[in-house]
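**Q**
Protein chains: 2
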Amino acid sequence: MAESQKPIGVAVLGLGNVGSEVVRILEADAKDLAARVGAPLELRGIGVRRVADDRGVPVELLTDDIDALVARDDVDIVVELMGPVKPASKAILAALENGKSVVTANKALLAQSAGKLAETAEKAGVDLYFEAAVAGAIPVIRPLTQSLAGDTVLRVAGIVNGTTNYILSAMNDTGADYDSALADASALGYAEADPTADVEGHDAAAKAAILASIAFHTRVTADDVYCEGITKVTAEDFESAKALGCTIKLLSICERVNGADGNQSVSARVYPALVPLDHPLAAVGGAFNAVVVEAAAAGRLMFYGQGAGGAPTASAVLGDLVMAARNRVHGGRGPRESKYAKLPIAPIGVIPTRYYVSLYVSDKPGVLSSVAAEFAKREVSIAEVRQEGVVNEGGERVGARIAVLTHRATDAALSETITALESHDAVSSVASVLRMEGAGE
Amino acid sequence: MAESQKPIGVAVLGLGNVGSEVVRILEADAKDLAARVGAPLELRGIGVRRVADDRGVPVELLTDDIDALVARDDVDIVVELMGPVKPASKAILAALENGKSVVTANKALLAQSAGKLAETAEKAGVDLYFEAAVAGAIPVIRPLTQSLAGDTVLRVAGIVNGTTNYILSAMNDTGADYDSALADASALGYAEADPTADVEGHDAAAKAAILASIAFHTRVTADDVYCEGITKVTAEDFESAKALGCTIKLLSICERVNGADGNQSVSARVYPALVPLDHPLAAVGGAFNAVVVEAAAAGRLMFYGQGAGGAPTASAVLGDLVMAARNRVHGGRGPRESKYAKLPIAPIGVIPTRYYVSLYVSDKPGVLSSVAAEFAKREVSIAEVRQEGVVNEGGERVGARIAVLTHRATDAALSETITALESHDAVSSVASVLRMEGAGE
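Chains A and B supply the protein sequences, listed in that same order.
Counted from 1, the first sequence has number 392 at position 392 by UniProt numbering; the numbering is strictly sequential.
Counted from 1, the second sequence has number 377 at position 377 by UniProt numbering; the numbering is strictly sequential.
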């Protein structure tokens, strides 16, 4: 191997968990990485907000002048791990315009501006890699972009946010309610001080946008993703889930939708869903991630591993870095963005799904019939129904609870049904409404 | 996308399950594939042993003159799906020497001659892709070659042979013995008329050689792989497995071995192993494949899906074909072979593993002690032992059965222990000897 080759200059932006691990491995495994690339990787500088001598790296590598760092002539590849979208966007665009290849893990930025970034990379003839943006160490971007490049992806469904999966796993295993599971997750460092991006599903939605863009060769941004978080999931929902042989997971789902008119569109959506216990995603617990891909020829594939954390994410970053560096040494570029299909985005209303609905009703004759009629009116077919009495603390029967599992119906028809039930005379409250993943009709 | 680009000429060698499916998809998805490649893929010819008009493709595409087909000026990429090693080798080498990129699924050939093929590809400056050679549709080669290019792979353990997994799953689920499970598998088309390559582990060993080569940047051939098949696995072994909370799977294991002297080596081995039911590979049933990869930074990753069959294997072939074609259109090449590490092959004897041993012994005082002494003499520490009486048909006690689970010890020490036990006075027979996967010390 040509270790006498001109070294490849690397700049790392950001020195958090992931950045520190990338810098550590660049140093510790320098010889191996050089052999794999065909030239040594040399760290030219690390962009940080605060230059100080307590950062665990030689202080002379640090700089807070990101603009100067990404413009340096001896930098070939910029690794962006800063986090906030605006400075990351500025730095990446500057790097690409300066002819540097870029490796980034910035899912929020990609979900918003992948088009602009890809265009800039294309114009400059450089690589833009982002395996680490979705599901940490788990190879997902590369399999979708390359391994399945000759297949037709039908559906991608994944657990791609570790924080919410940790919270939901805890609720499932301990019966805890949402607030106390979140508090535990925060105390253990699994949830950030401000957990909004995770618990409201925004992080999962950004990843859904990235996955859908690649899987369907179509530009999908975070704004195109229908998104419900996990803040309204209750301990009672988990009891219902158990009764149905299910657990509840926050899923990012990307789907090729075949319209009645023969035209295809793309659905990207995030919501907490009932997942049958025999489904491969049901067993993915704690902070782990998993992605199930269904393709016309390949059938169902599953990818599983650690979706977050410094070292696992650094593994994905370094894989991209080695690939970008190999391209510098040997010539050539990684796969370009492929957005030729330009499929329209399907609104959530047209998506067929199964719903689980739990209602508290007054305990009078004819209630079940009139509740069932609300479903029937909107052509929502009921698959299973259970009615049980509700008693107060004195043991006196005060009402009933009706739990309905529907067959597949459009989200719009189901939403209308729920709206009607909420204002129905005999219904005192709609206790839970959950979609169900991958279970029959 | 530049669909006005000069088309990329493709030759397919072999028209079995996989070849037929590749040809079908090339035709059915031509527009999509052209958009992804940036130029149309045009099928120039199909190499077959028998040219006839009942092959389901236009007869004018067929030729039995493979030499001429792979030398055609208008062929850019050759897809080799013939099967037998010798003609495949000849055709691939000729194709590479003629400057064609090659996509192949030929694991036996790769496990034998990957070095020669890679060298020839390198000299010609063309691509050699073989994602379909291991685990069918499941992306494994590309993740190992690219996604983990910046990480240190520690271990790869996989179920990569569908036939044996089908047989072992059936034995586990039904209690059937090996012969009847094999007969069923043959009747259902899961085993070939001559199942030797599968049941003796040769197919799994070829795949282990390919995986180890890539994971450890070292040339590993099929001859370097220690290989035991499944023909000696008994219904009684499965009973023992169940008692231990395990099942039995044929595993292909590739491992980075840290020697006592500080030097590293590579172990590649195939054998039926006890797999604890909570291990992710235990649940991989029927004809499915799964590969677990452990890397220093990424931690444990798992890849799961259909490991064989026409359509799944075609998916992997077409992914490679699109990548090779993109490189033709845009310039550049896929990752070169990386064999810089040149680690030595570790003999099976130095590999530490846990053993399960079941013995029939005479029912005399002191037998357990003298059996245990054979283990102790070779520094094999016993973790668990169970002794139970054996009665004949008349209900009379005629001997005892001793089942031992050891702690980790070297394979050599364990083999010596077994040899000693086989000639031990009090031991009437050694009924089973099984290694155990990934369970503690």
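Think of the CB as a built atom: it goes at the ideal place given N, C-alpha and C, for glycine as much as any other residue.
Since the structure is predicted, the reported quantities are computational estimates derived from the model, not experimental observations.
1) So what's residue 378 of chain A in DSSP terms, helix, strand or just coil?
2) Interface residues of chain A around residue 319 of chain B at Cβ under 8 angstroms?
3) For residue 101 of chain A, report the span of its beta strand (DSSP E) as first-last.
4) Under a Cβ-count criterion, where at least 16 other Cβ atoms within 10 Å of its own Cβ denotes burial, should residue 120 of chain A be classed as buried or exposed?
5) Would you say residue 15 of chain A lies against chain B (beta-carbon separation less than 9 angstroms)?
6) Taking 8 angstroms as the limit between beta carbons, can you name the residues of its chain near residue 105 of chain B, skipping five residues before and five after?
7) Look up residue 284 of chain B in the DSSP assignment and say whether it is helix, strand or coil.
8) Could you name the residues of the region 98–112 of chain B whose beta carbon sits closer than 8 angstroms to any beta carbon of chain E, in the order they occur along the chain?
9) Nearest chain A C-beta to residue 306 of chain B closer than 9 angstroms, yes or no?
10) Assign residue 392 of chain A to buried or exposed, taking buried as 16 or more other Cβ atoms, counted over all protein chains shown, within 10 Å of its Cβ.
11) Between which two residues does the beta strand (DSSP E) carrying residue 303 of chain A extend?
12) For residue 157 of chain A, return the contacting residues in chain B, with the cut-off set at a CB-CB distance below 8 angstroms.
13) So, is residue 390 of chain A buried or exposed, given that buried needs 16 or more other C-beta atoms within 10 angstroms?
14) By DSSP, does residue 419 of chain A sit in helix, in strand, or in coil?
15) Say whether the region 158–172 of chain A touches the region 328–343 of chain A, bearing in mind that this needs 3 or more beta-carbon pairs closer than 8 angstroms, one atom from each stretch.
16) Can you tell me the Cβ-Cβ gap for residue 26 of chain B and residue 51 of chain B, rounded? I've got them flagged as a contact below 8 angstroms.
17) Leaving out the 5 sequence neighbours to the left and right, which residues in its chain are closer than 6 angstroms to residue 412 of chain B when beta-carbon positions are compared?
18) Skipping 5 residues on each side, what residues in its chain have a beta carbon closer than 7 angstroms to that of residue 311 of chain A?
19) Excluding the 5 residues preceding and the 5 following residue 113 of chain B in the sequence, name in chain order all residues of the same chain whose CB lies nearer than 7 angstroms to its CB.
20) Can you give me the Cβ contacts of residue 368 of chain B inside the same chain, cut-off strictly under 7 angstroms, excluding the 5 residues immediately before and after it?
21) Checking 9 angstroms against the spacing of the C-beta atoms, do residue 288 of chain B and residue 271 of chain B come in under that value?
22) Using only CA atoms, which one of B:137, B:434 and B:102 lies nearest to residue 236 of chain B?
23) Helix, strand or coil for residue 166 of chain A per DSSP?
24) Give the interface partners of residue 276 of chain A over in chain B, defined as CB-CB distance under 7 angstroms, in chain order.
25) Compute the Euclidean distance between the alpha carbons of residue 436 of chain B and residue 358 of chain B, then round it to the nearest angstrom.
26) Name, please, each residue of chain A whose Cβ falls closer than 7 angstroms to the Cβ of residue 138 of chain B.
27) Quick one: Cα of residue 245 of chain B to Cα of residue 275 of chain B, how far?
28) On the DSSP letters alone, give me the boundaries of the beta strand (DSSP E) that residue 327 of chain B sits inside.
29) Name the two residues that bound the continuous beta strand (DSSP E) containing residue 276 of chain B.
30) Please compile the residues from chain A whose C-beta is within a distance smaller than 7 angstroms of the C-beta of residue 322 of chain B.
31) Which residues of the region 279–298 of chain B have a Cβ closer than 7 angstroms to any Cβ of chain A? Give them in chain order.
32) Using beta-carbon positions only, say whether residue 155 of chain A and residue 256 of chain A come within less than 9 angstroms of one another.
33) Taking the alpha-carbon of residue 260 of chain B as reference, which of B:410, B:94 and B:141 has the nearest alpha-carbon?
34) Could you spell out where the beta strand (DSSP E) holding residue 248 of chain A opens and where it closes?
35) On the DSSP letters alone, give me the boundaries of the alpha helix (DSSP H) that residue 178 of chain B sits inside.
36) Could you say which of A:206, A:176 and A:203 lies nearest to residue 239 of chain A if we only look at CA atoms?
**A** In short:
1) coil
2) 146, 147, 148, 149, 150 and 151
3) 101–104
4) buried
5) no
6) 18, 80, 81, 130, 132, 133, 313, 316 and 317
7) coil
8) Checking the listed chains, one finds no chain E in this structure; the protein chains it contains are A and B.
9) yes
10) exposed
11) 299–306
12) Correct list: empty, because the minimum Cβ distance to chain B is about 14 angstroms.
13) exposed
14) helix
15) no
16) 19 angstroms between Cβ atoms; not a contact.
17) 349
18) 21
19) 89
20) 387 and 402
21) no
22) B:434
23) helix
24) Those within 7 angstroms of residue 276 of chain A in chain B number zero; the least Cβ separation is about 15 angstroms.
25) 13 angstroms
26) 301
27) 8 angstroms
28) Careful: residue 327 of chain B lies outside any beta strand (DSSP E), inside the alpha helix (DSSP H) at 310–330.
29) 264–276
30) 149 and 150
31) 295, 297 and 298
32) yes
33) B:410
34) 246–258
35) 178–187
36) A:176
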